[in-house]
Every structure is written in C-alpha cells, then in structure tokens.
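Protein chains in written order, with my numbering: chain Z, 1 to 260; chain B, 261 to 741. Data block below; observations after.
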Amino acid sequence: MNTNEVSYMLEIKDLKVNIEDKEILKGINLHVNAGEVHAIMGPNGSGKSTLASALAGRDYFDITHGKILYEGKDLTELAPEDRAREGIFLGFQYPVEIPGVSMVNFLRTAINSMRKYRNQEPLPAGEFLKLMREKKKIVEIDSDLTNRSVNEGFSGGEKKKNEIFQMALLDTRLAILDETDSGLDIDALRIVANGVNYLRSPENATIIITHYQRLLDYIVPDFVHVLYKGRIVKSGDKSLAKELEEHGYDWIKQEVDMDA
Amino acid sequence: MTDQEKILNEVTGSDYKFGFYTDIDTETIPKGLNEDVIRIISAKKEEPEWLTESRLKAFRHWQGLKMPEWAHLQISEIDYQDIIYYAAPIQEAKYQNMDEVDPELIDTFNRLGIPLEEQKQLAGVAVDAVIDSVSVKTTFQDTLADKGIIFCSFSEAVKNHPDLIKKFMGSVVPYTDNYFAALNSAVFSDGSFCYIPKGVRCPMELSTYFRINAANTGQFERTLIVVEDDAYVSYLEGCTAPQRDENQLHAAIVEIVAMENSEVKYSTVQNWYPGDKEGKGGIYNFVTKRGICKGDNSKISWTQVETGSAITWKYPSCILRGNNSVGEFYSVAVTNNYQQADTGTKMIHIGKNTRSTIISKGISAGKSQNSYRGLVKVLKGAENARNFSQCDSLLLGDKCGAHTFPYLEVDNKTAIVEHEATTSKIGEDQIFYCNQRGIDTENAISLIVNGYAKEVLNKLPMEFAVEAQKLLAITLEGSVG
Ligand SMILES: Nc1ncnc2c1ncn2[C@@H]1O[C@H](COP(=O)(O)OP(=O)(O)O)[C@@H](O)[C@H]1O
Ligand SMILES: [Mg+2]
C-alpha cells in the first residue's frame, strides 16, 4: 500500500452517490491536507449539500462507487456519531431545533460522548462551563442563547453562530461548513469568519461550501472548486472565486454542457 | 427497510428490566369470584362486619355492570373466574423487624431499587411495600407517628383507625362509580393509608411500592390519603410486575381528600410489565384515581409517568369544590410495541375561582396506541373558573397512533377555558443533528424525549425525576427515527 495516501487528511476518490436511485454525485475527486481551507462553490442543486452529508454519514444516501478516506480510515465504515468523535464537524445549512433540550445539556452530552469514545472521564461541570465561556467569546454569542433549547427560536444569524460555536467547542479537526454564510448580515458574517479563522491551524482543515464569494473576502481559501451537476468541474486558487463573482456560473455551465 | 425504520426497530427493541419472578412461599386462594371468595378475603384480613358487607354490596352491584367500551382500547375478554383474588407471601403479622423479613423479599425489593432497610433508603422517603395482596413492610412509621402522621397499610388502617376509614373510604370514588371501581371495592386486598393531621407538613416523601409477583393473580389495591386543614404531603407510587405470557389484571382505587389550605402532590411512576414485543402478556391496568379539594384554597396535583402495562385506562381527576381550589394534572404516557394507553383527567369545577391545569405529553412508538381523554367541566356556580389544557403527542415512527379526546362542559359564562394541542414526530433530522455532535441514536432519542417531557418530569420529586428519565429512555430503547 502506498503510504503517501495516509498523508492526506481527507481523500475522496471517484465518489458516486445516489438518492433514491437518482445519481446526485457522479464521481467526485478531492484531497484535503491538514492546514488547508477549501471552498466548494456551485449553483443550487449541484450536489454540495449532498457531498457534505455523505461525508458526515447521513444515511439516506447510497454510496454506489468510490472511497472516502479520512486520516487513512475508510469513513464509510464509521457511524455518523463516530465520524463526529473522530473530529469531523458539519455546520448545517439548516440547523435543527430540538425543543426542551437546553444547549448546555446538549453540548455536555456531546462532549462527554466524545470523551467516552476517547476513554476519557466525563468533563466536570465546572470545567465544562469554563470551556463554554471561553468558546462563546470566539463567536460573540449571547450567553442567554446557551440556556435556551437547541436552536429553538434562534434567528438565522444566531443559528449560524451557534454552529461555529459548537465547531469550536467540539475539538474539530475537519470542519465542513454548508452555506454557513447564507442569510447573514455583514456583522454576523464577520463573526462567523473570525470563528473560522481563529480555528485555522496546521492541524485542522476546513471545507467551506458557499455560493457567494463574499465570505471568501474574510476567509481566504487555499483552493476553490466548482461543483456542477455532481462533478467538480473546475479547481483553482482564490482568484477562481473572484472570477465567478464577476462572470457568474454561466461560462462554466456552458463549458461543461458543451463537453457533454 | 428505511433507515428510519431501522433505528426505530433498534430503539423499540429493549427488554423489561423488572420481569423477574421471586420464588417465595405464597398463600393463595382458589381462582374465581363469588360471594364466598369475598368473604374469604375479608376473613383473611380479619375485617369487621361492616366492611365485609360493603364488599358484598359492591360485588352485587358489579355483577349488574358491563365492562366499559368507550375507551380507545382493544381489550381481549377478561375471564373474571380465571383470576386468583388473594395471594400473599406467607408470613405471620407484619414485619416489625428487618430480621423477620424473608431474605427473598428483601432481595426482591433491593433488585427493584427499593431497599426496605431504613438506613439504606433515600433519606426522606418512607415506603410502604405491597407485594401481591398484602403490605409487607412500612418504613419510618415511628418517625412519622411523632408528628401525628398515619402512614400504614390499608389493612392496618382498617384495624387501627376504623373511624377514619369508615368516614372517608368510598367518599371520593363510590363503589357505584364505574365497573372497575365496583370490582375493586369488592375484592381489594391491600394498599396504603395516609393521614396528615391539621397544620402538619409531612417532612418526608411518602411512597407506596406495588409489586405483583404471583402468577394468575389480580392486584386490587386501594390508597386513601386524607390531608387536614393547612397540611401538606407529597406522595409517590411505583409499580412493577414479572414478565409473563398471560395478561394480569390490576384494578386500583386511589382517593384523596384535601381540606382547607391543604396541598397534596401525588406522583406515579407506573412501570407494570408491558408485554413482549409481539404484544403477548402484560398488565391490564384499570385505575380510578380521584381527589377532592374539599376545603377552600386547597390543591391537588397529579403527576404521572406511565411507561408500563399492556393496557392503561386511567384518569386521575380533581373535584374542585372548595373556593379558590386548584387541580393539576401533569402526565407523560409512553407506549411502545403493542401497548395501548387511554389516559387523561377530569377537572370538575364547582367552587368559585377554581383553577385547573392539564399538561399531557403522549409519546407513542412501535405499533402502540396512545390516547389522551380529558374532561373539563365547569358547573353553574363556579364563577371565574379557569382551565388551561395542553395536550402534545410525539410520534416515533409511523405505525403508532396518537389521539386526543378533549371534552368540555361549561355552564358558567365567566369561565375561561383554553385548550392547545400539538402532534409532532421525532425527526430523523433531529437525530442526525445529535449524531453529528457525537451523540449516538439511543442517547439522542433519550435527550429528545426527555426534552419533550421536561415540563412534566420537572414536577416529580427530584429523586424520582432521575429514575423517570432513565425509564423513558429504557422504554423507548430500540425505537426511533
Ligand atoms: N433528501 C433528498 N431526497 C431527494 N432528492 C434530494 C435530497 N436531497 C437533495 N436532493 C437532490 O439532490 C440534488 C442536489 O442537492 P443538494 O446537494 O442539496 O445541492 P446544493 O447543496 O448544491 O444546492 C438536487 O437535485 C436535490 O433535489
Ligand atoms: Mg445546499
């Protein structure tokens, strides 16, 4: 076996994914190294969320072909909770509300599940609260928010900030942020971007899914990929995002559709 | 099978923890129900003549009744002649001393998490332990007696406090009330009696633990709680039964009398054997629970967590007769596999400025049926009566049913009655969100369900709230999506 493969944090090889017998992803190839930030852009319906969900282990997708390796391990063999415990974090495009379950209780359960997986004792309540306070600062989250039920009655911006807050709290190594920027005003956008930049380190990697370039003014990606009709049709550096901003997706669509 | 179904099957697939049977010497009488059997029960309990007669009267009345069919329940026919109406662990008199108690019995209650040794118990909880037809041990009796509180088995109360029993028994639930009340009044075996004198706040939780052990027996206990002026008590009832293929009958009566400015908090964690995954066996639980707020400014609060029984038929109710009296009903009813529950409450507003609150949380999984049935009745004289009802149903999966039957009868124009109802499903999205934060599906369900039921669980005494939370999780283990 080629040991080089292990050096990628994430390696997606010719990944094909179906939903109810309809092929949504038609052969995705992507490598992400620790320390990198990748942006995945593309028109609505291209399969961006599908890719994110497949990485996180959402089960109504059928992986019909290809491989996903994460830190050398076959990701498809891990249950969604184990992927999370291995450091994969998905920032949801539409964070879910869980009435009656306080953020505090939810996050303590999450952290302690992860600690148990690593054979660590549950975090004492005092330390947990201290950790919460620290991480809340990163996203300038209102302390009142963590006493409420998970996402219940949160504004759009609060929900997204809450995702970044959780990303910071849960020892994330690979963050996949699905349109975390959409629907945010400039202030919230800046806070979200700060959070991501704060966590940027040589050990961590981030995949930012977005269809606007504006977030990329705040978080400078190392690579930009365009996903269209279930394939990555173009990759480049941050200048590709600028190009898309100026010219839209039409020129790419034309190129791809002409080849087809 | 979709993934949702897979998760559902997993979570609903767990086993009943209290299904063991204890091999203790048990004295039983032959199966069957007739006047002789009733006389035998009464004789075994050395009851006074008036009580024997009262039983016989109830029995004759019952013979003329038909089993009620209005509930949303499918009940296979019950052969009342095929049931044993009296079973008791063999023992002379009641144990005064722990050394006298059959070690098997102590062990049984230990396994149920109810140690009978006072020093091992939760501080501040006195227990009356009832196995099959008799009470085997009541703890902390002396401590309570110092305050003038009577807490003992029903049989003891008949012997030692006949005047109180004569005065209050049947005063809230008369034997003519309904089919199962009549049956219970004829054959009731044991139960608890609790009397809090004027001005006394009971310093500890009182609790009765009911255990069916013997096969083919029915359990018919009665509980009577009388709380005098300015007195307070918090009472808890728990129950379990061994796992068996046959259905077993449980038909109980609970009566509460609350005098002026008094308050009674009655909490139940009902965990009778629910039957197996195919719906075989389980307890038929037909219970009449009712309290009367007799005095002004009195309050009765029912909190129930219903997770067990194959069939539950139960409507803890409040008669709000005193002016400014308050009735509350907080309920979580969980059904899984083939369980059926038809439960709710009746709030009868008679006095002025009476208030009632109903919070019902139904959770159905598997192929179970879960119904809320509630009556809010405001009589003519009940000026300014208020009621708020909220009935929520949570569905886990799509093979179960949730139903709401709210009845309203308002005869006073000043009354304000509000009713809210919601039905929701545990979403696969919610579970996946938890999974993505490292929480496995079982814990996710437990988290979501406990969050949903929080308003009610918060009403339980602390020690029991934790137990109840675990119980919800266990009941639904193996079930969601
Ligand atoms: N749960 C689902 N069931 C059926 N089709 C789906 C589902 N999720 C996504 N799709 C389809 O898959 C395609 C890609 O969707 P998605 O991954 O959400 O795209 P994007 O995030 O790029 O907008 C779309 O055609 C969408 O309709
Ligand atoms: Mg999307």
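Backbone N, C-alpha and C fix where the C-beta goes; we use that ideal spot for every residue, glycine too.
Any C-beta of chain B under 8 Å from that of residue i
i, result
"Z:Glu-158", "no"
"Z:Phe-106", "yes"
"Z:Thr-50", "no"
"Z:Thr-109", "yes"
"Z:Pro-99", "yes"
"Z:Phe-128", "no"
"Z:Met-114", "yes"
"Z:Asn-4", "Here Z:Asn-4 scores only 47 on pLDDT, less than 50, and its place in the model should not be relied on; the value that follows carries that caveat. Not closer than 8 Å to any Cβ of chain B, the Cβ of Z:Asn-4 fails to qualify, so no."
"Z:Asp-145", "In the sequence on display, residue 145 of chain Z carries Leu and not Asp. It does not; no Cβ of chain B falls within 8 Å."
"Z:Glu-81", "yes"
"Z:Met-258", "no"
"Z:Ser-149", "yes"
"Z:Gln-93", "no"
"Z:Arg-173", "no"
"Z:Ala-84", "yes"
"Z:Gln-120", "no"
"Z:Gln-254", "no"
"Z:Leu-189", "no"
"Z:Leu-227", "no"
"Z:Leu-170", "yes"
"Z:Val-96", "yes"
"Z:Leu-90", "yes"
"Z:Gln-166", "yes"
Cutoff 7 Å; reference residue i; Cβ partners in own chain excluding five residues on either side
i, result
"B:Gln-690", "Ile-708"
"Z:Asn-112", "Pro-122, Leu-123"
"Z:Gln-213", "Ala-241, Lys-242, Leu-244, Glu-245"
"B:Ala-642", "His-609, Ile-610, Gly-611, Lys-612, Thr-614, Asn-672, Ala-675"
"Z:Glu-158", "Leu-145"
6 Å Cβ shell around residue i - same chain, five flanking residues per side excluded
i, result
"B:Ser-577", "Arg-550, Thr-605, Lys-606"
"B:Lys-266", "Per-residue confidence for B:Lys-266 stands at a pLDDT of 47, beneath the threshold of 50, marking its modelled position as unreliable; the derived number appears in the next sentence. Nothing listed; no residue qualifies."
"B:Ile-579", "Ile-552, Ile-608"
"B:His-510", "Gln-479, Ile-543, Asn-545"
"Z:Tyr-218", "Ala-193"
"B:Gly-587", "Ile-560, Cys-578, Leu-580, Met-607, Ser-616"
"B:Lys-537", "Asn-597"
"B:Met-261", "Reliability of the predicted coordinates at B:Met-261 is poor, the pLDDT of 39 falling under 50, and the value obtained from them is presented with this limitation in mind. Contacts found: none."
Local Cβ density within 10 Å of residue i, reported as buried at 16 or more and exposed below that
i, result
"Z:Gln-254", "exposed"
"B:Asn-420", "exposed"
"Z:His-38", "buried"
"B:Arg-482", "buried"
"Z:Arg-118", "exposed"
"B:Asn-718", "exposed"
"B:Tyr-533", "buried"
"B:Glu-313", "exposed"
"B:Glu-566", "buried"
"Z:Ile-186", "exposed"
"Z:Arg-173", "buried"
"B:Val-726", "exposed"
"B:Lys-574", "buried"
"B:Gln-600", "buried"
Residues near residue i in its chain [Cβ-Cβ closer than 8 Å; skip 5 each side]
i, result
"Z:Lys-135", "Phe-165, Ala-168, Leu-169"
"Z:Pro-80", "Ala-56, Gly-57, Arg-58, Asp-59"
"Z:Thr-3", "Per-residue confidence for Z:Thr-3 stands at a pLDDT of 48, beneath the threshold of 50, marking its modelled position as unreliable; the derived number appears in the next sentence. For Z:Thr-3, where only same-chain residues beyond five positions count, there are no Cβ hits under 8 Å."
"Z:Tyr-198", "Ile-138, Ala-168"
"B:Asn-521", "Asp-489, Asp-490, Gly-555, Asp-556, Asn-557, Ser-558"
Residue-chain proximity (residue i, chain Z), Cβ-Cβ < 8 Å
i, result
"B:Ile-734", "no"
Ligand 4 heavy atom lying under 7 Å from the CB of residue i
i, result
"Z:Ser-46", "You won't find ligand 4 in this model; what it holds is ligand 1 and ligand 2."
If contact means a Cβ-Cβ distance below 7 Å, which residues of the region 688-708 of chain B contact chain Z?
Asp-689, Gln-690, Phe-692, Tyr-693, Asn-695, Gln-696, Arg-697, Gly-698, Ile-699, Asp-700, Asn-703, Leu-707, Ile-708
Any residues in the region 709-732 of chain B with a beta carbon nearer than 7 Å to a beta carbon of chain Z? Which ones, in chain order?
Gly-711, Tyr-712, Lys-714
Mind pulling the beta strand (DSSP E) runs of 3 or more residues that sit fully within the region 558-600 of chain B?
559-566, 571-574, 577-580, 586-595
Of the residues that make up the region 41-72 of chain Z, which ones have a beta carbon closer than 8 Å to any beta carbon in chain B?
Ala-56, Gly-57, Arg-58, Asp-59, Tyr-60
Ignoring anything shorter than 3 residues, give me the beta strand (DSSP E) runs that lie fully in the region 127-179 of chain Z, in order along the chain.
174-178
Could you give the uninterrupted runs of the alpha helix (DSSP H) lying entirely in the region 415-467 of chain B, keeping only those of 4 residues or more?
422-428, 439-447
Entirely enclosed alpha helix (DSSP H) segments - the region 55-81 of chain Z, minimum 4 residues
none
What beta strand (DSSP E) runs, 3 residues minimum, are completely inside the region 629-664 of chain B?
629-638, 646-655
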